[in-house]
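Asks:
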Amino acid sequence: MFFLLRMAFWIGLVLVLLPRDHTPEADKTAPQVGASDAISAATAAASDMSQFCKRQPAACEVGGNAAAFIGERAKEGAKKVYQIITEKKPDHTGSIGEGDDQAQGPVLMAKPDTLTQDDLALDWQSPDAPAVP
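If you use my numbering, the sequence shown corresponds to residues 1 to 133, in order.
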């Protein structure tokens, strides 16, 4: 049941935030709400919520306990995530610089001047130049 309520909330939020068409027909049918109407409605809702605990003290107490419980769980979860992020150990993937150079054997250096005279005899050509037959 809680899953369905959560899904309804998120789907409703997405639908509210989706951009809408700006056509003359849509603008005529849309309800016109002024700033003063929105402020008065928000004020009325806030005053009604402040009176809720007077009307339903048991529900208000249970809601306060639930909010405190959810807050504690959120705090514990945030601490766990922070610990995971800050105390992450490096992955051992055989990367360079692990200190296991002796296990791989000695490193052989490449010999200098490995080009032959035939390699050096070729003339350089620009990539834009046409091919010479």
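Where is the CB? At the ideal position from N, CA and C, for every residue including glycine.
1) Quick one: Cα of Lys54 to Cα of Gly63, how far?
2) Run through DSSP, which three-state label would Met7 get?
3) Measuring only the C-alpha atoms, how far is Gln56 from Thr43?
4) Could you tell me the alpha carbon to alpha carbon distance between Ala110 and Thr116, rounded to whole angstroms?
5) So Phe52 packs on Cys60, CB below 8 Å; how close in whole Å?
6) Just the Cα atoms here: how many angstroms apart are Asp101 and Val107?
7) Within its chain, find whatever has a CB closer than 8 Å to the CB of Pro127; leave out the 5 residues flanking it on each side and keep chain order.
8) Identify, in the order they occur along the chain, each residue of the same chain with its Cβ nearer than 7 Å to the Cβ of Glu76, setting aside the five sequence neighbours on each side.
Replies: A quick look at the data gives this:
1) 13 Å
2) helix
3) 20 Å
4) 15 Å
5) 6 Å
6) Because Asp101 carries a pLDDT of 48, less than 50, the predicted location of this residue cannot be relied on, and the following value inherits that uncertainty. Cα-Cα distance, rounded: 9 Å.
7) none
8) none
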